[in-house]
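In my numbering, each residue carries its 1-based index in the sequence shown increased by 13.
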Amino acid sequence: MQQTEIIRYALLAGLLITAYLLILAWNQDYGSAARPADAGAATADPLLDLDLPETGVPQPAPGAAEPSREPADDEVPDVVAGQLPELAAPSPDAAPLSQEGLIRVRTDTLNVWLDRRGDLVKVTLPGHPVSLDTPDVPLTLLDRTASFLYVAQSGLAGPDGVDARPEGRPNYRTDRDLFEMGPRDTQLVVPLVFEDDNGVRVEKRFIFTRGDYSVRLEYHVSNPLSRPLRAAMYAQIRRSGGQPPDLSPPGMGMRPYVGPAFTLEDTRYKKVSFSDLESGWEARVRGGWVAMLQHYFLSAWVPDSEAEHLYRGRQRPDGTYLVEFIGPIVEVPASGSQVIAATFYAGPKIQSRLAEISDNLNLTVDYGFLWWISVPLFRVLDFLHGIAGNWGVAIILLTLLVKLVLYPLSAAAYRSMANMRRMAPEMKRLQERYSDDRQKLSQEMMSLYKKEKINPLGGCLPLLLQMPVFLALYWVLYESVELRHAPFMLWIDDLSAIDPYFVLPLLMGATMFIQMQLNPPPPDPMQAKIMKLMPVMFTVLFLFFPAGLVLYWLTNNVLSIAQQWYVMRQIEQKAGAVKGAK
14 MQQTEIIRYA LLAGLLITAY LLILAWNQDY GSAARPADAG AATADPLLDL
64 DLPETGVPQP APGAAEPSRE PADDEVPDVV AGQLPELAAP SPDAAPLSQE
114 GLIRVRTDTL NVWLDRRGDL VKVTLPGHPV SLDTPDVPLT LLDRTASFLY
164 VAQSGLAGPD GVDARPEGRP NYRTDRDLFE MGPRDTQLVV PLVFEDDNGV
214 RVEKRFIFTR GDYSVRLEYH VSNPLSRPLR AAMYAQIRRS GGQPPDLSPP
264 GMGMRPYVGP AFTLEDTRYK KVSFSDLESG WEARVRGGWV AMLQHYFLSA
314 WVPDSEAEHL YRGRQRPDGT YLVEFIGPIV EVPASGSQVI AATFYAGPKI
364 QSRLAEISDN LNLTVDYGFL WWISVPLFRV LDFLHGIAGN WGVAIILLTL
414 LVKLVLYPLS AAAYRSMANM RRMAPEMKRL QERYSDDRQK LSQEMMSLYK
464 KEKINPLGGC LPLLLQMPVF LALYWVLYES VELRHAPFML WIDDLSAIDP
514 YFVLPLLMGA TMFIQMQLNP PPPDPMQAKI MKLMPVMFTV LFLFFPAGLV
564 LYWLTNNVLS IAQQWYVMRQ IEQKAGAVKG AK
């Protein structure tokens, strides 16, 4: 009975892992398929039946250089005084990015292109190459091309908002088109200035900080009029659906979540898929944030104010998707000034930094339903990396710690298996005696287990206890950007990708085969054949796992072999001493 149960649990564990990964892959492929953008789509939105103001194409200021093929219109939310809007108006059509007329910003962490409206139309990350084969080609996060759109926009709407004027959004002035952070600079300020015919002055100020992927956006509004001005800040992210064009998923064909996410009053982390936006989505939250996620990276708008904001999203007729926040009405006193601010983040999902920017933003590193295991695992792994300086060594040390924590239970299981191996001749004798009476055989076997104080299911514990840790560590290695392109040694130059030569999976299969030899042989020939196939099945499965995960399992197997050999030797020595005393 014991051997049958071990085989059942081992097969069940392998099938559960495979089914779990296949379900995830299926959901990513078919669960939220996005429609491709249609560049020729009409600008009218059939989902809306609201009396919203239309905004025309802003005309360039005399002598100002403008990017070619600008969007035909811009979405400026309709904000009624004292109220938050109910649904979004149309947003701009996609337009290829032209270098002409753009303002370029270079820092140590970000390359940013701004248009004359102060929208972020392209962002690249110089510290994160697209691949190890092209270390000098930075990853492009935001971009505006003929086939792919991903931009971040912001403005002031409401009764007196400069972006809600009948003549359209303003074109800001600046003294130069290139801003670079110097080697000794800690901050870089990019001021964009607009002044209307009434003397109302708006400075749209972008503040970049050395070593940081967040950009502080401040609207400095100066009001020379004899009456107060009322406006509300809005910030948007607009994106084409589907996976990023220059990133390919790692092993197992897994495709991580790509789409919007929010934080709500009752849900700290809410994913709203592209398909959910087809009919429109909105919520009101105090403070909060809105983000657009992809594997390892994200962009996010975080308002400064903790007042109630409207968060919403929808699909546009051209197939692109829009998410935004709209803040409360802010009053600029007569002959006075006011600052309205927010933070924009565009970069890797660094958990510690995201937690500093806003509550729950670090949850965009999505570890799934086993987050309660994955989060402490990553913290320990990060601590060990700080000591070892190598993520592969940190994984080995983490495996050692896990084995130490689970050693009491593992030792009990190994003792049970060793006792079963010792009792194999007696069990075989009972099987031969009661081969025609399975009920009597079961009774005699249970009596033997009770007499020898053997737990027939004890040998299953090591495998079952490892499954949650295995799956949790899978998500740690899969979701944590810190392990992206992290080298180990020799040919392993990226622990988040599969082993290019499959050496680690083959070694893992060999150690699994050795483990099988230490276990008592199954009494049934068919069961014995299945057990011999287990190392082959797991080896094939692990061929497509990230190298870091295979390294963990290989190290775990080596330590398990050492533990099992040590426990079995102790029991054999003890049994030999008892026999010698008799």
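Every residue, glycine too, gets a C-beta built ideally from N, C-alpha and C. Note that the structure is a prediction, hence the values are computed from the model and not measured.
Range covered by the beta strand (DSSP E) that runs through residue i
| i | result |
| --- | --- |
| His596 | The requested residue 596 does not occur in the structure, where the chain is confined to residues 14 to 595. |
| Ile339 | Tyr334 to Ile339 |
| Asp156 | Thr147 to Arg157 |
| Arg243 | Leu242 to Arg252 |
| Pro316 | Phe310 to Pro316 |
| Ile220 | Arg214 to Thr222 |
| Gln307 | Val303 to Gln307 |
| Glu295 | Trp294 to Arg299 |
| Ile116 | Ile116 to Arg119 |
| Trp126 | Asn124 to Leu127 |
| Ala274 | Gly272 to Phe275 |
| Val234 | Ser227 to Asn236 |
CB of residue i within 8 Å of CB of residue j, strictly
| i | j | result |
| --- | --- | --- |
| Tyr270 | Leu376 | no |
| Arg268 | Tyr163 | no |
| Ser312 | Leu155 | yes |
| Glu231 | Ala354 | yes |
| Met544 | Met529 | yes |
| Phe338 | Ser227 | no |
| Val393 | Leu411 | yes |
| Arg157 | Val134 | yes |
| Val303 | Ile250 | yes |
| Leu508 | Trp404 | yes |
| Leu422 | Leu478 | yes |
| Val202 | Tyr185 | no |
| Arg214 | Ile220 | no |
| Trp597 | Leu367 | The shown model of the chain, from 14 to 595, leaves out residue 597, and the question about it has no answer. |
| Gly340 | Ser318 | yes |
| Val315 | Ala424 | no |
| Tyr638 | Pro361 | As shown, the chain starts at 14 and ends at 595. That puts residue 638 outside it, with no answer to give. |
Distance between residue j and residue i (C-alpha atoms, nearest Å)
| i | j | result |
| --- | --- | --- |
| His398 | Ala407 | 5 Å |
| Tyr514 | Glu439 | 46 Å |
| Asp597 | Pro330 | With the chain covering 14 to 595 only, the question about residue 597 has no answer from this structure. |
| Gln307 | Ser493 | 12 Å |
| Gln452 | Lys441 | 16 Å |
| Tyr565 | Ala359 | 32 Å |
| Gly53 | Pro258 | Caution is warranted here: a pLDDT of 33 is assigned to Gly53, below 50, making its placement in the model unreliable, and no coordinate value can be reported. |
| Lys464 | Gln456 | 12 Å |
| Pro273 | Leu335 | 9 Å |
| Val343 | Ala245 | 6 Å |
| Pro142 | Leu419 | 39 Å |
| Met436 | Met458 | 11 Å |
| Val345 | Ile400 | 52 Å |
| Gln351 | Pro500 | 49 Å |
| Thr199 | Gly300 | 28 Å |
| Trp126 | Ile386 | 40 Å |
| Phe558 | Pro196 | 41 Å |
| Ser239 | Gly349 | 9 Å |
| Gly254 | Ser292 | 15 Å |
| Gln596 | Asp379 | Examination of residue 596 is not possible in this model, given that the chain is present from 14 through 595 alone. |
| Tyr462 | Ala426 | 14 Å |
7 Å Cβ shell around residue i - same chain, five flanking residues per side excluded
| i | result |
| --- | --- |
| Thr7 | Nothing can be reported for residue 7: it is not among the residues displayed for the chain, which extend from 14 to 595. |
| Ala454 | Sequence check: residue 454 is Leu here, not Ala. Same-chain partners within the cutoff: Leu443, Gln444 and Tyr447. |
| Val563 | Asp512, Leu517, Pro518, Met521 and Phe555 |
| Asp121 | Met194, Arg223 and Gly224 |
Extent of the continuous alpha helix (DSSP H) to which residue i belongs
| i | result |
| --- | --- |
| Lys453 | Arg451 to Glu465 |
| Pro513 | Looking at the DSSP string, Pro513 is not in any alpha helix (DSSP H), and its letter there is neither H nor E. |
| Leu169 | Segment Leu162 to Ala170 is the beta strand (DSSP E) holding Leu169; no alpha helix (DSSP H) there. |
| Glu445 | Ala437 to Arg446 |
Contacts around residue i, its chain only, beta-carbon distance under 6 Å, and the 5 residues preceding and following it disregarded
| i | result |
| --- | --- |
| Pro237 | Gly212 |
| Pro204 | Glu216 and Arg218 |
| Thr153 | Thr137 |
| Gln166 | Asp132 and Gln249 |
| Leu290 | Gly326, Arg327, Gln328 and Tyr334 |
Contacts around residue i, its chain only, beta-carbon distance under 8 Å, and the 5 residues preceding and following it disregarded
| i | result |
| --- | --- |
| Trp294 | Val285, Arg325, Gly326 and Arg327 |
| Val298 | Phe275, Thr276, Leu277, Glu278, Glu321, His322 and Tyr324 |
| Leu519 | Thr552 |
| Ala280 | According to the sequence provided, residue 280 is Thr. The question's Ala does not apply to it. Closer than 8 Å at Cβ, skipping near neighbours: no residue. |
| Glu585 | Ala431 and Arg435 |
Min CB distance residue i to chain C below 8 Å
| i | result |
| --- | --- |
| Pro341 | Given the protein chain composition of this structure (a single chain), no chain C is represented. |
heavy atom of the ligand MN below 7 Å from residue i C-beta
| i | result |
| --- | --- |
| Phe310 | Judged by which ligands are present, the structure shown has none, so any question about the ligand MN falls away. |
Inside the region 325 to 392 only - alpha helix (DSSP H) runs reaching at least 4 residues:
Those alpha helix (DSSP H) runs which fall completely within the region 325 to 392 and span 4+ residues are 364 to 370.
Enumerated in chain order, which unbroken segments of the beta strand (DSSP E) with a length of 3 residues or greater are wholly contained in the region 171 to 205?
Counting whole runs of 3 or more residues, the region 171 to 205 contains the beta strand (DSSP E) stretches 191 to 193.
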